[in-house]
Each structure stands twice: as structure tokens, then as C-alpha cells.
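In full-length UniProt numbering, the protein residues as written are 1 to 300.
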Amino acid sequence: MTDLPDTDFTQRFIFDENDARGELVSLERSYAEVLAKHAYPEPVAQLLGELMAAAALLVGTMKFDGLLILQARSEGPVPMLMIECSSEREIRGLARYDAERIAPDATLSDLMADGVLAITVDPTEGQRYQGIVDLDGDTLSDCFTNYFVMSQQVGTKFWLNADGKRARGLLLQQLPADRIKDDDERTDSWRKLTALAGTLTAEELLGLDNETILHRLYHEEAVRLFDEQGLRFNCSCSRERSANALVSLGLEDAQELVVEHGGHIEIDCQFCNQRYLFDAADVAQLFAGAGIDTPSDTRH
């Protein structure tokens with residue numbers, strides 16, 4: 001148990017007189033956990049935080065059991081960004097980068113030239129779904145907004161910011177016509193709500209609490225803010241998963257790897273830097289069907 005305040009959560013809100021809802025996210029502790037694993041340059045740390053915020057917002061609006069995976073790939077100095085967030089609201093992330101090619105003021109297009117973003121929903125039961133969108137917006141917020149416009153035809157807008165200490169996000173989404181039936185009125189209402197959200201500065205989003213943000217933006221609207229839903233960093237790696245990767249190689253190849261690597265195989269988790277070691281006895285035990293109950297060593 002801890003007496004530290006809960007710094008990582010999403011919080012849903014709804015407009016009583018408009019067909020729209022929203023979600024806000026704040027990430028501090030889990031963001032710090034992700035950044036602590038690697039010495040990320042500042043622009044990469046910011047981009048990673050924005051992607052974490054997007055993943056948390058999406059999980060907050062979805063009803064499913066399983067895993068949401070956001071993976072961005074490019075030909076630029078950041079060839080890969082990856083965030084995983086489970087329906088249990090456990091999140092982890094990493095980035096691959098070439099620090100020598102990254103300027104302090106690098107933009108999304110500088111970092112991820114010719115990039116694509118894959119959004120994958122991997123449910124515990126049922127069919128895996130993936131959507132892909134080009135990273136052709138000025139910001140990640142633009143890219144996620146474009147994805148929803150193209151793939152689902154649902155009015156959805158994102159605002160994402162991160163500064164290396166805190167990652168924040170705001171999402172607005174249209175709901176089916178209920179309170180406003182007239183198409184023109186519905187369009188005007190949505191345009192007004194998104195225009196007001198667009199006045200929110202990065203400094204305000206990163207520095208203000210949710211109640212203050214909503215009052216500042218929508219003090220003339222009837223808005224209901226629901227309870228916070230917590231998130232936390234957690235890595236799903238395990239010795240068992242690493243062992244399964246060895247099994248997929250086959251006995252002969254696994255034994256050769258042990259010899260080539262001086263008597264043991266090291267399998268590192270890129271998300272959390274956990275290291276799993278397997279020696280010849282472990283490999284023999286594994287392929288004999290005895291499992292991995294007696295590991296030779298596991299260390300950070």
C-alpha cells in the first residue's frame with residue numbers, strides 16, 4: 001500500500017444537453033516508469049507520453065477484455081513507438097530511436113518521416129482487429145483524429161500533450177442523435193464543443209485539474225464529470241513467455257544458442273529491462289516437458 005496520491009487515471013464526462021461525451025487522462029507515475037527504463041531524448045519522451053495518453057483515452061472509451069496495442073513505425077530517427085494498455089488498465093511502452101539524428105525541437109514529421117500508426121485490439125475472446133493510418137498530421141492528436149474520421153465516421157477529436165513529467169489528453173466524441181435531432185443543429189453543436197476545446201493550451205492541459213479545465217471550457221454547458229478510473233504501469237513479460245520463445249526455436253537451435261553465448265541465453269524485456277537467463281540445464285528441462293519451475297537465474 002502507499003500513501004502517495006493517485007496520479008494516473010482517466011475521467012469521463014458527458015454533456016447533458018448535447019450528443020457528445022468526453023474523456024480526460026492524466027499520467028505521471030506510469031509515465032515516469034516508462035521513461036526510467038531508457039535515456040530518451042526530450043522529443044521522444046514527449047511523443048511517447050502523448051501515445052500513452054492516447055492509449056489510455058481509447059481504453060477508457062472501449063468495452064472489451066484484452067489488450068490495446070498502439071504501434072507507430074517510420075523511416076525517421078524514431079523507427080518505432082509502441083504502447084500496450086490492457087482492459088485491466090495496465091500500461092507499458094517503449095521507443096526505438098537514433099539519438100544522433102534527433103534535434104531538441106524535432107517535430108512529429110522530423111521524428112517519424114513516412115510513418116504509419118497501427119491500432120490493434122486483441123481481445124481475450126473473439127477476433128483480433130487492426131486499423132492503420134498514415135502519420136501525416138502535424139501532431140499525434142491530428143493523426144488519431146484522422147484515424148477516426150476515416151475508419152469509423154464517428155466525430156472524434158484528440159488533444160494530447162506531454163512534457164517529460166506528465167502526460168495529458170482530452171478526447172471528445174459524438175454520440176448518436178438523441179437530444180438534438182436536427183442535422184444542422186447537431187453539426188453546429190459539435191463544432192462549438194470542439195472549437196472551445198481547441199482554445200485549451202498545452203500549459204493549461206498539463207497544469208490544470210479536470211474540474212478546472214471543464215469549467216474553463218464549458219461553463220455555459222451542463223457537464224457531468226464521473227469518477228476517476230485508475231491506471232498503472234505493469235509489464236506483462238515473464239520467464240514463462242521467454243521460455244516459450246525458446247521452445248519456438250526448437251531444441252537444436254536453442255542448444256546452439258547456449259553454446260554461442262558462453263553457456264547461457266539472455267532474453268531481455270525491452271519494456272522493463274527485466275533479464276531472463278537460461279543455461280543448458282534449463283533448456284534440457286524445458287524441452288523435456290518439465291517446465292520452468294527451477295530457473296537458474298533472473299535479474300534486472
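Note that the Cβ used here is the ideal one computed from N, Cα and C, for glycine as well. It should be emphasised that the depicted structure is a prediction, and the values quoted were computed from it without experimental measurement.
Take tyrosine 147, set aside five residues on each side of it, and the residues of its chain with a beta-carbon closer than 8 Å to its own are Leu117, Ile119, Gly131 and Val133, in chain order. With a cutoff of 8 Å on beta-carbon distance, aspartate 16 and alanine 222 are scored as near each other. Three or more beta-carbon pairs drawn from the segment 83-99 and the segment 43-60 are found closer than 8 Å, and the two stretches are therefore classed as touching.
Here DSSP, grouped into helix, strand and coil, assigns aspartate 209 to coil. Pairing leucine 217 with alanine 202 gives a Cβ-Cβ distance that is not under 8 Å.
Assignment of beta-bridge partners to cysteine 85 by DSSP yields Leu68 and Ile91. Taking the Cα positions, arginine 96 is about 46 Å away from glutamate 185. In this structure, alanine 53 lies near valine 25, with their beta-carbon atoms less than 8 Å apart. Relative to aspartate 282, the option among Gly262, Cys272, Val258 and Asp268 whose CA is nearest is Val258. Only residues of its own chain outside the window of five on either side were considered, and among them Tyr31, Ala162 and Ala167 have a CB closer than 6 Å to the CB of glycine 49, listed in chain order.
Annotation for aspartate 253: the continuous alpha helix (DSSP H) segment containing it runs 251-260. Following the DSSP letters along the chain, one finds phenylalanine 148 inside the alpha helix (DSSP H) bounded by residues 140-151. In the DSSP secondary-structure assignment, glutamine 173 is bridged to Arg21 and Thr156.
With distances taken between CA atoms, glutamate 204 lies nearest to Gly169 out of Gly169, Ile180, Ser236 and His219.
Per DSSP, reduced to three states, the secondary structure at tyrosine 218 is helical.
Residue pairing by DSSP places aspartate 182 opposite no residue, since no beta bridge is assigned to it. By the neighbour-count criterion, in which a residue is buried when 16 or more other Cβ atoms sit within 10 angstroms of its Cβ, glycine 263 is exposed. Phenylalanine 226 counts as exposed, since fewer than 16 other C-beta atoms from the protein chains shown sit within 10 angstroms of its C-beta. Under the DSSP assignment, proline 43 falls in the alpha helix (DSSP H) whose first and last residues are 42-61.
Boundaries of the beta strand (DSSP E) around arginine 12: 9-15.
For aspartate 227, the uninterrupted beta strand (DSSP E) segment begins and ends at 223-230.
In the DSSP annotation of this structure, the continuous segment of the beta strand (DSSP E) that includes leucine 117 starts and ends at 116-123.
Residue environment analysis places serine 248 among the exposed positions, since fewer than 16 neighbouring C-beta atoms fall within 10 angstroms of its C-beta. In the DSSP assignment, valine 78 falls outside any beta strand (DSSP E) and carries neither an H nor an E.
With a beta-carbon spacing of about 4 Å, proline 43 and alanine 106 fall inside the 8 Å limit used to define contacts. Contact annotation: leucine 47 and leucine 135 have beta-carbon atoms that are not nearer than 8 Å.
Burial is judged here by how many other beta carbons sit within 10 angstroms of a residue's own beta carbon; lysine 157 has at least 16 and is buried. Ranked by Cα distance from proline 176, the first of Lys165, Arg191, Val154 and Leu160 is Val154. With respect to the 8 Å criterion, leucine 51 and isoleucine 83 are classified as neighbours on the basis of their beta carbons. Residue state for asparagine 244 is assigned as helix, using DSSP reduced to three classes. Within the model, the alpha-carbon separation for leucine 193 versus cysteine 235 is close to 37 Å. Rounded to the nearest whole angstrom, the C-alpha separation of lysine 37 and threonine 139 is 25 Å.
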